[in-house]
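J.: Starting off with a structure, shown below.
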Amino acid sequence: MALIEIENLSVTYRSKGRSVTAVESVSLGVEARQSFGLVGESGSGKSTILRAICGLAPVTGGTIRIGGDLVPTPRGRAFSARVQMVFQDPYASLHPRHTLDRTLSEPLAIHGIGQTDARVMQALDDVGLPQSFRFRYPHQLSGGQRQRVAIARALMLRPEILLLDEPTSALDASVQAETLNLLNRLRTERGLTFLMVSHDLAVIDHMCDRILVMQNGRAVEELSRQDLASAKMKTDYARSLFSASADRMLEP
Amino acid sequence: MRTMDWLRDQNPTSRAQARAGQAYLNWLRLRRNPLAMAGLLITVILLLVALLAPWLAPHDPIAQDLSQRLLPPLSPGYPMGTDEFGRDILSRILFGSRITLYIVLLVVLTAPVAGLFIGTVAGYFGGWVDAVLMRITDIFLAFPKLILALALVAVLGPGMVNAVLAIALTSWPPYARVARAETLTVRNSDYIAAVKLQGAGGGRVIWGHIMPMCLPSVIIRVTLDMAGVILTAAGLGFLGLGVQPPLPEWGAMISSGRKYLFEQWWVATMPGLAIFIVSLGFNLLGDGLRDVLDPRSAGK
Numbered sequence: 119m120a121l122i123e124i125e126n127l128s129v130t131y132r133s134k135g136r137s138v139t140a141v142e143s144v145s146l147g148v149e150a151r152q153s154f155g156l157v158g159e160s161g162s163g164k165s166t167i168l169r170a171i172c173g174l175a176p177v178t179g180g181t182i183r184i185g186g187d188l189v190p191t192p193r194g195r196a197f198s199a200r201v202q203m204v205f206q207d208p209y210a211s212l213h214p215r216h217t218l219d220r221t222l223s224e225p226l227a228i229h230g231i232g233q234t235d236a237r238v239m240q241a242l243d244d245v246g247l248p249q250s251f252r253f254r255y256p257h258q259l260s261g262g263q264r265q266r267v268a269i270a271r272a273l274m275l276r277p278e279i280l281l282l283d284e285p286t287s288a289l290d291a292s293v294q295a296e297t298l299n300l301l302n303r304l305r306t307e308r309g310l311t312f313l314m315v316s317h318d319l320a321v322i323d324h325m326c327d328r329i330l331v332m333q334n335g336r337a338v339e340e341l342s343r344q345d346l347a348s349a350k351m352k353t354d355y356a357r358s359l360f361s362a363s364a365d366r367m368l369e370p
Numbered sequence: 392m393r394t395m396d397w398l399r400d401q402n403p404t405s406r407a408q409a410r411a412g413q414a415y416l417n418w419l420r421l422r423r424n425p426l427a428m429a430g431l432l433i434t435v436i437l438l439l440v441a442l443l444a445p446w447l448a449p450h451d452p453i454a455q456d457l458s459q460r461l462l463p464p465l466s467p468g469y470p471m472g473t474d475e476f477g478r479d480i481l482s483r484i485l486f487g488s489r490i491t492l493y494i495v496l497l498v499v500l501t502a503p504v505a506g507l508f509i510g511t512v513a514g515y516f517g518g519w520v521d522a523v524l525m526r527i528t529d530i531f532l533a534f535p536k537l538i539l540a541l542a543l544v545a546v547l548g549p550g551m552v553n554a555v556l557a558i559a560l561t562s563w564p565p566y567a568r569v570a571r572a573e574t575l576t577v578r579n580s581d582y583i584a585a586v587k588l589q590g591a592g593g594g595r596v597i598w599g600h601i602m603p604m605c606l607p608s609v610i611i612r613v614t615l616d617m618a619g620v621i622l623t624a625a626g627l628g629f630l631g632l633g634v635q636p637p638l639p640e641w642g643a644m645i646s647s648g649r650k651y652l653f654e655q656w657w658v659a660t661m662p663g664l665a666i667f668i669v670s671l672g673f674n675l676l677g678d679g680l681r682d683v684l685d686p687r688s689a690g691k
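Pasting the structure below:
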């Protein structure tokens with residue numbers, strides 16, 4: 119049984135009589151400790167799937183199960199202790215008026231977990247930030263450092279599942295590699311399950327075991343890493359998507 | 392000098408040290424702004440005057456002496472002159488600072504807080520909560536401020552506390568509007584989504600994450616309104632619905648002086664000057680505080 123099971127998920131945004139279907143009956147399963155990638159062009163609904171899992175998008179059909187249980191609405195604390203998300207833009211995902219200390223200790227305060235000091239220090243260590251940064255504000259940090267803070271925050275509650283919404287697209291190339299390596303290291307160390315969104319196939323190739331290609335809110339094709347390496351795509355759309363960025367792929 | 396080093400430490404080791412260091416930095420930043428320092432000076436002087444009024448005042452502010460009525464400023468013993476009952480204007484202004492400060496503090500502690508609360512709740516929850524709260528706000532906004540305050544005082548009876556209550560009840564709607572507008576801009580941001588995803592409830596999100604973002608614009612409004620509060624209180628006093636005679640309230644003093652404005656200008660002008668200086672002080676200080684309270688402006 120897969121850890122994350124999504125069946126026929128549909129997400130429709132309604133506003134003033136108009137409706138936009140962002141995701142249409144998409145199904146996928148992510149095994150525990152797997153890294154699963156969602157690929158597609160802008161507007162294909164890949165980020166919406168992550169937001170739907172978190173309860174940030176209106177689910178209009180289908181089911182989402184984590185560990186075999188339907189996710190509750192509202193998601194609740196038990197859910198947040200299992201599933202956390204890293205957002206795309208580290209400039210927007212950290213509260214501008216909270217020090218890193220506040221940002222990192224907030225999840226502990228919400229869940230009534232003690233030993234705040236030790237845990238915050240440990241979290242900074244884990245993502246490779248000096249402990250002296252503890253009382254700085256986000257505006258005093260670079261983009262890569264901010265994304266490290268966002269990752270540290272997502273890991274404060276020791277979740278099993280990390281949803282990654284284009285975690286490196288707002289960063290420049292050298293910092294991208296650093297951040298991806300950090301994520302890979304944390305995944306091995308902690309046995310995390312990743313569900314990752316990206317439009318950058320080099321990133322997906324570097325990170326993911328399985329890939330779902332999406333177009334216009336629908337699933338086009340599911341591929342394994344081997345399929346990708348040997349270019350065994352079945353659909354034209356997937357092939358064109360991959361050939362467009364094949365020259366940028368990292369060597370395994 | 393060791394305290395200085397402790398405060399200036401780039402890498403504080405405890406939360407208390409970080410907070411103290413931040414406060415010290417804020418103080419340094421405030422000190423760099425001469426206008427804010429002028430505002431702070433005026434405010435501190437007002438506080439001292441209010442505190443020390445019984446020792447500073449040369450005369451009893453209420454004692455009447457009809458033989459000394461309407462003396463011009465710089466008369467011996469009466470540096471600001473006397474009013475129509477022969478009371479020393481300087482003493483009345485010094486004692487009046489207590490009443491003014493009391494009114495301003497009470498209004499500032501109630502109206503913006505209530506407005507902030509209503510605005511953020513309406514903006515954050517949206518839907519029918521928003522609709523109900525904002526229509527109530529609209530109703531309060533639709534009434535002219537002074538008329539509503541008058542109606543309230545008429546119902547509650549004249550007096551200082553009721554005047555404060557009336558002013559507070561009429562001045563919260565703009566704060567609610569400002570706070571709601573700010574809330575709408577931040578409620579869908581990623582950092583709010585992140586804290587919700589950590590399992591935070593509405594109260595924690597609003598109090599800890601949304602209110603700090605609304606605070607600067609509310610502070611701007613408060614400082615702009617501070618003079619207005621003094622003037623509304625003065626207006627109520629002027630109409631005889633605020634502080635009752637013989638208590639020396641600045642607005643009431645202007646009101647009683649208007650009869651003599653052409654011949655004995657000082658009776659109304661002196662308390663007017665006091666209101667002007669104090670309003671200016673609050674405005675300057677508030678402006679400086681707003682700059683300081685925004686950590687993003689730290690580097691500038």
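Residue numbers (our numbering), protein chains in the order written: chain A, 119 to 370; chain B, 392 to 691. Virtual Cβ for every residue (Gly too), placed ideally from N, Cα, C.
#1: Comparing alpha-carbon positions, which option in F205/A, I279/A and Q233/A lies nearest R151/A?
#2: Let's test the definition: count the other Cβ atoms within 10 Å of the Cβ of F154/A and tell me whether it reaches 16, buried, or not, exposed.
#3: Is the distance from the Cβ of A559/B to the Cβ of V609/B below 9 Å?
#4: Cβ of Y415/B less than 9 Å from any chain A Cβ?
#5: Ignoring anything shorter than 3 residues, give me the beta strand (DSSP E) runs that lie fully in the stretch 292-321 of chain A, in order along the chain.
#6: Jot down the residue ranges of each uninterrupted beta strand (DSSP E) in the stretch 126-150 of chain A, minimum 3 residues, whole runs only, in chain order.
#7: Roughly how many angstroms separate the alpha carbons of G677/B and A542/B, rounded to a whole number?
#8: Checking contacts by CB at 9 Å: is R406/B closer than that to chain A?
#9: Can the beta-carbon of A427/B be found less than 9 Å from the beta-carbon of D616/B?
#10: Looking at the structure shown, is D283/A part of a helix, part of a strand, or coil, going by DSSP?
#11: Measuring alpha carbon to alpha carbon, tell me which residue in M314/A, A337/A, V189/A and P208/A is nearest P256/A.
#12: Since A444/B contacts L485/B with CB under 8 Å, what's their CB separation in whole angstroms?
#13: Considering only residues of the stretch 557-591 of chain B, which uninterrupted alpha helix (DSSP H) runs meet the minimum length of 4 residues and lie entirely inside it, listed in chain order?
#14: Less than 9 Å separating the beta-carbons of A120/A and V148/A?
#15: Check Y469/B in the structure and name its three-state DSSP category.
#16: Looking at the strands, I want to know which residues DSSP matches up with M644/B.
#17: Hey, quick one: how far does the alpha helix (DSSP H) through R406/B stretch, first residue to last?
#18: Residues bridged to T181/A by DSSP?
#19: With a threshold of 16 other CB atoms inside 10 Å of the CB of P449/B, please say whether the residue is buried or exposed.
#20: So if I threshold CB-CB distances at 7 Å, which residues from the stretch 571-583 of chain B count as touching chain A?
#21: At the 9 Å Cβ level, is R399/B part of the contact set with chain E, yes or no?
#22: Kindly list, in the order they appear in chain B, the residues whose Cβ is closer than 8 Å to that of C172/A.
#23: Helix, strand or coil for A337/A? Go by DSSP, reduced to three states.
#24: What distance in whole Å lies between the Cβ atoms of V157/A and I322/A, which are believed to be in contact at a cut-off of 8 Å?
#25: If you count every other CB in all the chains shown that lies within 10 Å of the CB of E573/B, and 16 or more means buried, which is it?
#26: Please go through the same chain and pick out, in chain order, the residues whose beta-carbon is closer than 6 Å to the beta-carbon of R336/A, but skip the five residues on each side of it.
#27: Is R595/B close to chain A? Criterion is C-beta to C-beta, closer than 9 Å.
#28: Is the separation between the beta-carbon of G642/B and that of L622/B shorter than 9 Å?
#29: For V613/B, count the other beta carbons within 10 Å of its own beta carbon; 16 or more makes it buried, fewer makes it exposed. Which is it?
#30: Give the residues from the stretch 177-189 of chain A that approach chain B closer than 7 Å (Cβ to any Cβ), ordered along the chain.
T.: Let's see:
#1: Minimum Cα distance to R151/A is reached at I279/A.
#2: F154/A is buried by the Cβ-count criterion.
#3: Contact annotation: A559/B and V609/B have beta-carbon atoms that are not nearer than 9 Å.
#4: No, its Cβ sits nowhere closer than 9 Å to a Cβ of chain A.
#5: Runs found: 311-316.
#6: The beta strand (DSSP E) runs of length 3 or more contained entirely in the stretch 126-150 of chain A are, from start to end of the chain, 136-148.
#7: Between the C-alpha atoms of G677/B and A542/B there is a straight-line separation of about 31 Å.
#8: Put simply, the CB of R406/B is near chain A, with a gap under 9 Å to one of its CB atoms.
#9: For A427/B and D616/B, no; Cβs fall outside 9 Å.
#10: Strand at D283/A.
#11: Out of M314/A, A337/A, V189/A and P208/A, the CA that lies nearest to the CA of P256/A is found in P208/A.
#12: Your pair A444/B and L485/B checks out as a contact, with CB atoms roughly 5 Å apart and the cut at 8 Å.
#13: Scanning the stretch 557-591 of chain B from its first residue to its last, the whole alpha helix (DSSP H) runs of 4-plus residues come out as 581-588.
#14: Between A120/A and V148/A, the C-beta gap is smaller than 9 Å, which places the two residues in contact.
#15: DSSP places Y469/B in the strand class (E or B) of the three-state scheme.
#16: When beta bridges are read from the DSSP output, M644/B appears opposite no residue.
#17: Membership of R406/B in the alpha helix (DSSP H) is indicated by the continuous run R406 to R422.
#18: Residue pairing by DSSP places T181/A opposite E125/A in a beta bridge.
#19: That one is exposed.
#20: Taking 7 Å as the Cβ-Cβ cut-off against chain A, the residues of the stretch 571-583 of chain B that qualify are S580, D581 and Y582.
#21: No chain E appears in this structure, whose protein chains are A and B.
#22: Chain B residues near C172/A: A584 and L588.
#23: Strand at A337/A.
#24: About 6 Å; that satisfies the 8 Å criterion.
#25: Counting Cβ neighbours within 10 Å, E573/B comes out buried, since at least 16 surround it.
#26: In the same chain as R336/A, and ignoring 5 residues on each side of it, the C-beta atoms closer than 6 Å to its own belong to E142, in chain order.
#27: So, interface residue.
#28: Yes.
#29: Classification of V613/B: buried, given that the 10 Å Cβ count is 16 or more.
#30: The stretch 177-189 of chain A vs chain B, Cβ under 7 Å: nothing.
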